Each structure stands twice: as C-alpha cells, then as structure tokens.
Amino acid sequence: MKLAARVEQVTPSLTLAIDAKAKAMRAEGIDICSFSAGEPDFDTPKHIVEAAKVALDQGKTRYGPAAGEPKLRQAIAQKLQHDNGLCYGAENVIVTNGGKQSLFNLMLALIEPGDEVIIPAPFWVSYPEMVKLAEGTPVILSTSVESGFKISPEQLRQAITPKTKLLVFNSPSNPTGMVYTPDEVRAIAQVVVEAGIWVVADEIYEKILYDGAEHLSIGAVGPEIYERTIVSSGFAKTYAMTGWRVGFLAGPVPIIQACVTIQGHSTSNVCTFAQYGAIAAYEGPQDCVKEMVSAFAERRKVMLDSLNAMPGITCPKPDGAFYVFPSIAKTGMTSQEFASALLDAQQVAVIPGIAFGADDCIRLSYATSLETIQMGMERLAKFMQSL
Ligand code: GLU
C-alpha cells in the first residue's frame with residue numbers, strides 16, 4: 001500500500017509504544033516495574049473528579065465551542081496572568097486534547113514546507129515528528145551533560161538561518177529534567193527577539209520543581225518576547241489527569257484563531273465534562289500539587305542515589321519534571337539494545353534515549369510508587385552486574 005509520504009517519514013511514538021507494552025505485560029500477570037511513560041501514579045484529586053461528575057449530571061455532555069468552554073478559557077487566562085505574568089484574555093487561549101494537540105495545532109498553523117524549527121536535544125519524542133508532519137524541517141541542537149543539557153545563547157544564534165521560523169523551548173525538560181535559570185531564559189529570549197523568530201514554550205512541567213529551582217516563562221521576560229511567544233501546557237502532569245486529555249495553547253489571537261479553525265475541522269471540542277474538571281483544577285485548592293511534588297522529590301532522591309551507586313551508570317541531578325536521564329555509554333550498548341535486554345532479563349521498562357535524540361542515555365520516570373522504584377532499582381543493579 002502506498003501511504004502518504006508525510007506519514008512514511010514519521011516514526012511511531014516510543015514512549016506510548018513502550019508504555020502500552022509494559023501495561024499489556026502487567027495485564028498478562030507479568031511482574032513488571034515500569035518507568036516508561038511520564039504518567040503520575042496518583043488518582044486525580046477528588047474535587048476535580050467531583051466537578052466532572054457534577055458536569056455530567058448537569059448534562060454537560062454536548063458539543064461545545066471548538067476553542068473550549070468559555071469558563072475554562074477564562075480560568076486558563078487568569079492562571080497565566082497570575083502565575084506566569086503573561087497578560088492574556090480568554091481570546092488568547094484554545095483548549096486542546098492534551099498538551100500534545102496544542103503543539104500539533106501550532107505546527108500546522110505556523111509551519112510551511114521548508115521552514116526550520118529549532119529543537120534542542122535531548123527533546124521530547126514528538127517535537128521533530130510534529131514538525132515533519134507539518135512539512136517543516138527540524139533542526140536539532142545538541143547539548144551534553146557538561147552543558148547541563150542546555151543550549152547556550154551563542155549556540156542558538158549560530159543555528160538561526162533566514163528559514164528559521166520557530167524555537168521549541170521546553171523547561172523543565174522532558175526527558176532530562178533540567179530547568180533553565182531565569183537569567184538563562186532572559187538570554188535565550190534576547191536571541192529570539194533579535195532574530196525575529198517565534199518561540200513555543202512547552203511549560204507542562206512548570207509546577208514540578210525541586211531544591212528551590214525557579215521557573216520563568218520566557219514570554220514574561222519583556223514586551224517584545226511576549227509578542228513572539230506561544231505557550232503550550234496542560235493539566236495531565238500537575239493534576240494527575242493524563243487520561244482526561246485537557247491541555248491548551250495560549251498566544252497571539254491570529255495564531256489561536258488559526259488553531260481553532262484547524263481544530264474545528266479535526267477534533268472539535270475537548271470532552272465537555274472533562275473541561276469542567278479542569279476548571280476545578282485551576283480554581284480549586286492547590287495543596288494536592290504540593291503533596292504530589294513532595295512525593296516526587298522523595299522518589300527522585302531514592303532513584304538518583306540508587307542509579308549513581310551502580311557501576312556503569314552516571315546520572316545527573318534533575319531540577320524539575322519527574323524524569324532522570326542517566327548515561328549508559330560505559331556499557332557500550334545502544335539505548336535500544338539496553339532497554340530491550342533489561343525488559344527481557346529483569347522486566348524493567350525504560351525508554352531508550354534514542355527516542356529523545358540521545359542514544360547513550362535512557363529515560364526513567366519516577367512518577368511511580370516508591371516500592372516500584374526500590375524493586376526496579378534492585379533489578380537494574382542485577383542487570384548491570386550481569387553485563
Ligand atoms: N509525555 C509523556 C512522556 O513523555 C507521555 C507519553 C507521550 O505522550 O509521549 O512519557
């Protein structure tokens with residue numbers, strides 16, 4: 001069968017594929033320790049679930065505006081003003097089917113064939129593929145452990161060409177967990193403004209920070225960068241709402257309107273009653289977020305200490321998100337060889353770094369129970385000894 005060239009050059013999502021495999025193995029009764037997808041193991045906080053149940057009882061089960069429920073768009077705009085210092089109204093916001101669709105809509109709305117999109121590596125698996133689906137050209141900027149997995153302003157400046165349209169800026173980062181400091185964010189913003197390109201800030205992990213790390217939204221640096229910024233985020237990671245599929249994109253009205261048109265011909269509105277849960281997430285108490293972040297902090301420590309005690313593995317300390325990104329370079333294996341041998345030998349699921357543009361690393365999510373982490377680390381240590 002001849003499929004469209006557009007899809008033939010795109011690889012399936014490894015995070016979703018490995019997560020599905022791990023879940024299927026568990027359903028078959030296999031005792032698996034999964035550190036695959038970034039999915040908090042907590043239940044969605046009760047007040048959010050209750051709000052969605054009330055919405056169901058009230059008959060919020062019909063089509064809504066493709067851009068999202070007006071009340072949710074307003075709540076998101078208020079949150080962006082209050083938490084991030086970004087001056088948006090409801091008209092600057094579109095509610096999307098998770099953060100993923102917000103980025104996909106943006107690529108379709110902004111990128112034309114031949115446009116270059118700068119993506120610092122290690123990157124979240126879907127960024128380059130979305131750019132390719134929009135018939136743009138991903139331009140990967142490599143970083144290293146030594147640079148803290150961060151790009152420098154100079155490196156960005158050198159990568160910009162007349163074809164550059166957009167920079168994808170993800171902090172805290174999936175997969176490395178690194179967080180750009182406010183000064184570093186300001187320096188990147190200056191390059192973006194000087195070059196006159198766009199920046200999309202993927203801020204889905206902004207609330208998951210450790211050891212006093214600070215998040216500064218790049219669009220809040222000043223009026224010039226504000227005009228060139230689009231924010232992508234969602235409820236999945238902060239409020240344990242992965243399956244609800246509620247995210248958003250915020251930015252200049254013409255871009256948001258273009259995304260509404262795209263969404264109006266593709267998925268229409270996000271599940272109506274799920275949007276009422278999202279309203280409760282932003283308008284309700286935030287203690288649940290603090291509790292989850294402090295649980296992640298404890299798990300992070302256990303995982304980091306265990307990994308760094310294993311000969312053959314070195315793991316930098318992340319400041320945010322819920323991933324570690326250790327190097328397995330000393331084993332001499334590719335990340336896929338390593339991940340598949342580990343799954344076969346010890347039933348431990350990790351994501352090979354190749355999915356994120358770093359074949360000498362693996363990614364482990366610690367958004368899972370301490371018991372799973374302890375057991376998984378024992379198994380990983382055994383695996384390392386066996387090599
Ligand atoms: N964003 C999460 C991850 O990186 C969920 C899976 C996905 O959408 O890629 O694991």
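Everything in the sequence shown is counted per the numbering used here, starting at 1 for the first residue and increasing by one.
Every residue, glycine too, gets a C-beta built ideally from N, C-alpha and C.
Here the structure is a predicted model, which means the values were calculated and not measured.
Residues of its chain near residue i, where Cβ-Cβ distance is below 8 Å and the 5 sequence neighbours each way are ignored
| i | result |
| --- | --- |
| lysine 79 | Tyr282 |
Residue environment, residue i, which counts as buried when at least 16 other CB atoms sit within 10 Å
| i | result |
| --- | --- |
| aspartate 202 | buried |
| glutamine 58 | exposed |
| isoleucine 30 | exposed |
| leucine 394 | Outside the displayed span of the chain (1 to 387) sits residue 394, for which this structure offers no information. |
| aspartate 440 | Residue 440 is absent from the model: the chain starts at 1 and stops at 387. |
| leucine 370 | exposed |
| proline 45 | buried |
| isoleucine 253 | With the sequence shown as reference, residue 253 is identified as valine, and isoleucine is not the correct amino acid for it. Exposed: under 16 other Cβ atoms inside 10 Å. |
| glutamine 158 | exposed |
| lysine 301 | exposed |
| glutamate 206 | buried |
| alanine 4 | exposed |
| valine 7 | exposed |
| proline 40 | buried |
| threonine 272 | buried |
| alanine 66 | buried |
Cβ shell of residue i (< 7 Å), same chain only, five flanking positions each side left out
| i | result |
| --- | --- |
| lysine 317 | Leu304 |
| valine 192 | Leu167, Val199, Ile225, Arg228 |
| asparagine 84 | Ser217, Ala220 |
| valine 270 | Gly68, Val95, Thr96, Asn97, Arg245, Val246 |
| threonine 143 | Pro120, Ala121, Phe149, Lys150, Ile151 |
For residue i, the first and last residue of its enclosing alpha helix (DSSP H)
| i | result |
| --- | --- |
| lysine 207 | That residue, lysine 207, is in no alpha helix (DSSP H); it is neither H nor E in DSSP. |
| serine 294 | 287-308 |
| leucine 80 | 70-84 |
| lysine 46 | 46-57 |
| leucine 7 | Note on residue identity: the sequence assigns valine, not leucine, to residue 7. 5-8 is the extent of the alpha helix (DSSP H) around valine 7. |
| isoleucine 94 | From DSSP, isoleucine 94 is part of no alpha helix (DSSP H) but of the beta strand (DSSP E) over 93-96. |
Close-in-space but distant-in-sequence residues of the same chain around residue i (CB under 6 Å, 5 per side omitted)
| i | result |
| --- | --- |
| serine 34 | Ala22, Ala349 |
Beta bridge counterpart(s) of residue i as assigned by DSSP
| i | result |
| --- | --- |
| glycine 234 | Gly247 |
| cysteine 33 | Val348 |
| alanine 195 | Alanine 195 is not bridged to any residue. |
| arginine 363 | Ile351 |
| alanine 201 | Phe169, Val231 |
| isoleucine 218 | The partner list for isoleucine 218 (beta bridge, DSSP) is empty, contrary to what the question assumes. |
| valine 117 | Pro138, Leu166 |
| glycine 320 | Leu209 |
| threonine 412 | No statement about residue 412 is possible, as the shown extent of the chain runs from 1 to 387 and does not include it. |
First through last residue of the beta strand (DSSP E) which encompasses residue i
| i | result |
| --- | --- |
| threonine 389 | Because the chain spans 1 through 387 in this model, residue 389 falls outside it and cannot be assessed. |
| proline 175 | Premise fails: proline 175 is in no beta strand (DSSP E) and is neither H nor E. |
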